[in-house]
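All letters in the sequence shown, in the order written, are residues 1308 to 1586 by our numbering.
Quick notes on the structure that follows.
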Amino acid sequence: MMDRLFVIGLGFCGLEIARRAKANGWQVAGSVTGEGKADELRSKGIEAELLSVSSRALQAATHILSTVPPQASGDPVLPLVRELRPTWLGYISTTGVYGDRGGGWVDETDTPNPGQARSRHRLQAERAWHDLARERGAPLDVFRLPAIYGPGRSALDQVREGRAQCVDKPGQVFCRVHVADIASAVLAAMKQARGTLYNVCDDEPCAQSDVIAFACKLLGRPAPRLVPWEEAAPKMSEMARSFYAENRRVRNDRIKRELGVRLQFPTYREGLTAIASAN
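As structure tokens, then:
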């Protein structure tokens, strides 16, 4: 039987996974939230549709991956897949479930301690997907991701559009991952179907100001002024401040050791350089 992947949520991350899977010989389909987007993707060779429990592509899928974020009331996808019997399930989650670690390192063996409501909802969704996997007798791989960047969505775009800001909050670091490396990790996990939890991130947590400064260097522009946290915070949105409220470094050893993943972009430098060179 041919392997058939259905990606629930063909957004920035889901679409890259779908493209890579198709390029590797998988039969691929996925869902979007509007007919206009579905038409656009179909014109590019990606089978896309509005999500429905009656979807033939969804029912025929051997592998189902959800990238859809949960709501406060729960995961909206679960009722649509509860009666299906795929051979593999995948769920895209967030490293935010680890909560604030004061800049310390975490790996997949650390107990989650989410501080933000959106991260608590993610953890609840992870557990609900685990329950479904046990009911269906299918392995579930959960992928915890930090900030995602790639072509069209990176510090380079922030600088070009005048949105880049360098905030000086001593000791604050962020983790990130290039969308291409997410796709590589997910495809490797689908082939092995271990039913495991994976952190998918690059090798170098660092201050966001370092990333912005490097993007400016690539574009031949001066870096923005370094703004002290006390000055920047009152002008930020509540969402932006919430990201600075947590500080952690996330280890990615498991994807390398168990899946054999070799990151194409081990740090933001390789990732941004590749994006800049392609434009």
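Beta carbons: idealized from backbone N, C-alpha and C, even for Gly.
{"Item": "Check whether the segment 1522 to 1535 and the segment 1421 to 1431 touch, using three or more Cβ-Cβ pairs below 8 Å as the test.", "Value": "no"}
{"Item": "What number of angstroms, rounded off, separates the C-alpha of H1437 from the C-alpha of G1321?", "Value": "20 Å"}
{"Item": "In its own chain, which residues sit with a C-beta less than 8 Å from the C-beta of F1521, not counting the 5 before and 5 after it?", "Value": "A1462, Y1575, R1576, L1579"}
{"Item": "Note the first and the last residue of the continuous alpha helix (DSSP H) segment covering F1319.", "Value": "1319 to 1330"}
{"Item": "Return the bridge partner residues of Y1398 from the DSSP annotation.", "Value": "S1373, V1449"}
{"Item": "Quick one: what does DSSP say G1343 is sitting in, helix, strand or coil?", "Value": "helix"}
{"Item": "Taking the alpha-carbon of C1523 as reference, which of R1483, G1343, A1540, G1469 has the nearest alpha-carbon?", "Value": "G1469"}
{"Item": "Under the three-state reduction of DSSP, which class applies to L1533: helix, strand or coil?", "Value": "strand"}
{"Item": "In three-state DSSP terms, what is L1525?", "Value": "helix"}
{"Item": "DSSP on E1356, reduced to helix/strand/coil?", "Value": "strand"}
{"Item": "Taking the alpha carbon of D1382 as the reference point, which residue from C1482, R1434, D1346 has its own alpha carbon closest?", "Value": "R1434"}
{"Item": "Below 8 Å on the Cβ atoms is my contact criterion, and I expect L1387 with L1439 to pass it. Report the Cβ-Cβ distance as a whole number of Å.", "Value": "Actually they are not in contact, since the Cβ atoms of L1387 and L1439 sit about 11 Å apart, beyond 8 Å."}
{"Item": "Give the C-beta separation of V1314 and L1372 to the nearest angstrom, bearing in mind that I take them to be a contact with Cβ-Cβ under 8 Å.", "Value": "5 Å"}
{"Item": "Can you check whether the CB of I1519 is closer than 8 Å to the CB of A1445?", "Value": "no"}
{"Item": "Can you tell me the Cβ-Cβ gap for R1555 and R1429, rounded? I've got them flagged as a contact below 8 Å.", "Value": "R1555 to R1429, Cβ: 15 Å. No contact."}
{"Item": "Going by alpha carbons, who is nearest to G1410 out of V1493, V1557, N1420?", "Value": "V1557"}
{"Item": "Determine the contact status of P1458 and I1582, defining contact as a CB-CB distance below 8 Å.", "Value": "yes"}
{"Item": "Alpha carbon to alpha carbon, how far is E1354 from E1342? Give it in angstroms, no decimals.", "Value": "12 Å"}
{"Item": "Report the option in V1474, R1451, L1447 whose CA atom is closest to the CA atom of E1538.", "Value": "V1474"}
{"Item": "Can you tell me which of the three DSSP states V1568 falls into?", "Value": "coil"}
{"Item": "Of all the options R1443, L1570, F1319, which has the alpha carbon lying nearest to the alpha carbon of H1370?", "Value": "R1443"}
{"Item": "In angstroms, rounded to a whole number, what distance separates the CA positions of V1360 and L1391?", "Value": "9 Å"}
{"Item": "What residues are listed by DSSP as bridge partners for F1550?", "Value": "Per DSSP, none; premise fails for F1550."}
{"Item": "Quick check on the DSSP output: what are the complete alpha helix (DSSP H) runs of length 4 or more inside the segment 1427 to 1480, in order along the chain?", "Value": "1462 to 1467"}
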